[in-house]
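According to the working numbering, the sequence shown is numbered sequentially starting from 188.
Before any comments, here is the structure.
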Amino acid sequence: MSAGRWIITEGARWFFDAGADSLDFTSGPDSEVRHWLAERFERLPLGEIGERELVDALGLRAAIGRLAAGKADGVAPAPDDVDTLNLFAATPDVPPVLAGGRRQAGAGSIRVGQALSSLARD
Numbered sequence: 188m189s190a191g192r193w194i195i196t197e198g199a200r201w202f203f204d205a206g207a208d209s210l211d212f213t214s215g216p217d218s219e220v221r222h223w224l225a226e227r228f229e230r231l232p233l234g235e236i237g238e239r240e241l242v243d244a245l246g247l248r249a250a251i252g253r254l255a256a257g258k259a260d261g262v263a264p265a266p267d268d269v270d271t272l273n274l275f276a277a278t279p280d281v282p283p284v285l286a287g288g289r290r291q292a293g294a295g296s297i298r299v300g301q302a303l304s305s306l307a308r309d
């Protein structure tokens, strides 16, 4: 996974890198979440991100955003946001893969839930 993303605001194009994939996930418009996930997680087919998965992604994204903003402002986290983050973090994430081998463990593609779990654990 690579960090950061190009953002265009008021006609200016600039690169935003929050330093963590989970924080990069919170930037940009909601309409780009599907493409962001498919770009960030190369083995995640864009067609696998349906409406239900999008609702899950937007819910996690909102919780991460509120938790990060609250931490920066010294505000205690909302229990619902903590529960959302913990729920996604408790599911299987994207397993690490070292390139260069001849065999591949597991499926060739990943599920949306695995990508969201990886972001929650970040």
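No residue lacks a Cβ here, since even glycine has one placed at the ideal position from N, Cα and C.
Remember, it's a predicted structure, so these values are computed and weren't measured experimentally.
How about residue i and residue j: are their beta carbons less than 8 Å apart?
i           : j           : result
residue 270 : residue 208 : no
residue 230 : residue 297 : yes
Take the Cβ of residue i as the centre, count every other Cβ of all protein chains shown within 10 Å, and call the residue buried at 16 or more, exposed below.
i           : result
residue 284 : exposed
residue 211 : buried
residue 280 : buried
residue 315 : Nothing can be reported for residue 315, as the shown portion of the chain is limited to 188 through 309.
residue 251 : buried
Which residue wins for smallest C-alpha separation from residue i, given the options the options?
i           : options            : result
residue 204 : 214, 195, 198      : 214
residue 240 : 193, 225, 282, 262 : 225
residue 265 : 249, 277, 276, 243 : 249
By Cβ distance below 7 Å, which residues in the same chain neighbour residue i in space, the five residues on each side in sequence not counted?
i           : result
residue 245 : 217, 220
Can you name, in chain order, every residue of its own chain whose Cβ lies under 8 Å from the Cβ of residue i, other than the five neighbours on each side?
i           : result
residue 222 : 233
With a threshold of 6 Å on Cβ separation, who are the neighbours of residue i within its own chain once the five nearest residues in sequence on each side are excluded?
i           : result
residue 275 : 247, 303, 304, 307
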